[in-house]
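Undergrad:
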Amino acid sequence: MSAFFTKRLHDYEEHMSVWEESYRAFSESIPSKCQRILDLGCGTGLELDKIWQKNPDIEVTGVDLCADMLDKLLAKHHDKPFTAICQDYFQYDFGHGKWDAVISFESLHHFLPERKKELYRRIYCSLKENGFFILGDYIACCSEEEELLRDVYLDRRKRSAIPENCYVHFDIPLTLEHETELLGDAGFIIEKVLDGSATIMIARKGD
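First residue of the sequence shown? That's 26 in this note's numbering, and the numbers climb one at a time after it.
1) Could you tell me which of CYS91, ARG61, CYS67 sits nearest to ASP82, measuring between CA atoms?
2) For SER222, does the count of other Cβ atoms within 10 angstroms reach 16, so buried, or fall short, so exposed?
3) How would you call ILE214, buried or exposed, if buried means at least 16 neighbouring beta carbons within 10 angstroms?
4) Quick one: using the 10 Å Cβ neighbour count with 16 as the cut-off for buried, is GLU45 buried or exposed?
5) Using 7 Å as the threshold, is the C-beta distance between ILE227 and ILE159 below it?
6) For CYS150, collect the residues of the same chain with a Cβ closer than 6 Å to its Cβ; drop the 5 residues on either side in sequence, then sort them by chain order.
7) Within 10 angstroms of its Cβ, does PRO4 collect 16 or more other Cβ (buried), or is it exposed?
8) In the DSSP output, which residue or residues are listed as bridge partners for PHE158?
9) May I ask you to report which of helix, strand or coil DSSP gives CYS150?
10) With DSSP as the reference, identify every bridge partner of GLY87, one or two as the case may be.
11) Pull up the distance between the alpha-carbon of GLN116 and that of ASP220, whole angstroms please.
12) Which residues share a DSSP beta bridge with ILE215?
13) If you draw a straight line from the alpha carbon of TYR37 to that of PRO198, how long is it in whole angstroms?
14) Are the beta-carbon atoms belonging to PRO106 and GLU84 less than 7 Å from one another?
15) Can you tell me where the alpha helix (DSSP H) with SER52 in it begins and where it stops?
16) Use the C-beta contact count for SER57: other C-beta atoms within 10 angstroms, 16 or more gives buried, fewer gives exposed.
17) Which residue comes first and which comes last in the alpha helix (DSSP H) that contains ASP180?
18) Give me, in chain order, the residues of the same chain whose beta-carbon lies closer than 8 Å to that of ARG181; leave out the 5 immediate sequence neighbours on both sides.
19) Is the distance from the Cβ of CYS111 to the Cβ of ALA92 below 7 Å?
20) Please state whether DSSP places THR69 in a helix, a strand or coil.
21) Apply the 10 Å Cβ neighbour rule to SER185 and answer buried if 16 or more other Cβ atoms are within range, or exposed otherwise.
22) LEU73: buried (16+ other C-beta within 10 angstroms of its C-beta) or exposed?
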């Protein structure tokens with residue numbers, strides 16, 4: 026998947042400009058008390074552009090598979106308190122009770138719920154008391170769409186003999202109901218859902 030994003034780096038930000046309003050709403054959904062943030066799949070930092078406009082002192086650790094995207098982010102925001110981690114966020118050690126917020130924008134819809142379920146548990150454990158997980162992502166309109174995309178995804182992997190540990194760029198979003206269930210199973214309390222070009226879910230670490 027890293028190679029996929031490297032190839033489209035030259036027009037990536039233009040391509041993602043359709044999410045401009047969602048990036049703004051996403052940045053505004055982060056509670057003002059949050060000063061230490063982990064960004065999963067940060068790319069070139071389009072969500073961080075907006076977040077740092079509001080609060081340039083927020084400390085961010087960004088995890089992404091694509092080194093070229095991280096380099097572009099670092100070039101844009103060389104003066105910000107940012108730590109770049111070029112790694113698979115399914116493998117990265119989030120720590121325990123470390124972050125005020127964990128965020129992810131338009132990244133997790135590439136993964137099956139079985140993988141996300143464990144990731145959400147790890148995110149939950151990595152947050153400070155009453156910390157937040159803020160997710161901005163595609164949401165399937167209905168169970169039929171969710172099931173169709175999953176079936177096509179699994180069939181393509183099977184026909185192309187793609188190894189289990191190899192990521193592919195294919196959209197397999199969940200319905201809002203199923204995404205909410207996964208977050209709830211991990212212990213999160215959904216505080217707010219914002220509808221837009223991307224759906225933004227604001228989930229608080231439960232007691």
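Backbone N, C-alpha and C fix where the C-beta goes; we use that ideal spot for every residue, glycine too.
TA: For this structure:
1) Just measuring C-alpha positions, the residue of CYS91, ARG61, CYS67 sitting nearest ASP82 is ARG61.
2) SER222 should be labelled exposed.
3) The residue is exposed, with fewer than 16 neighbouring Cβ atoms inside 10 Å.
4) It counts as exposed.
5) Their beta carbons are under 7 Å apart, which means ILE227 touches ILE159 by this criterion.
6) Contacts found: HIS121.
7) Missing from the structure shown is residue 4; the chain here goes from 26 to 232 and no further.
8) Beta-bridge pairing links PHE158 to VAL127, ALA228.
9) In the structure shown, CYS150 sits in a helix (DSSP, three-state: H, G or I).
10) The secondary-structure analysis by DSSP pairs GLY87 across a beta bridge with ASP64, ALA109.
11) Taking the CA atoms as reference points, GLN116 sits about 31 Å from ASP220.
12) Answer is ALA228.
13) Confidence in TYR37 is poor, its pLDDT being 47 and thus under 50, which makes the residue's placement too unreliable to answer from.
14) Yes.
15) 45-53 is the span of the alpha helix (DSSP H), which, as asked, contains SER52.
16) Flag for SER57 reads exposed.
17) Counting along the chain, the alpha helix (DSSP H) containing ASP180 begins and ends at 168-184.
18) Here the set comprises ILE187, VAL193, PHE195.
19) Yes; because the gap between Cβ atoms is below 7 Å, this pair is in contact.
20) Coil.
21) With fewer than 16 Cβ atoms within 10 Å of its Cβ, SER185 is classed as exposed.
22) Counting Cβ neighbours within 10 Å, LEU73 comes out buried, since at least 16 surround it.
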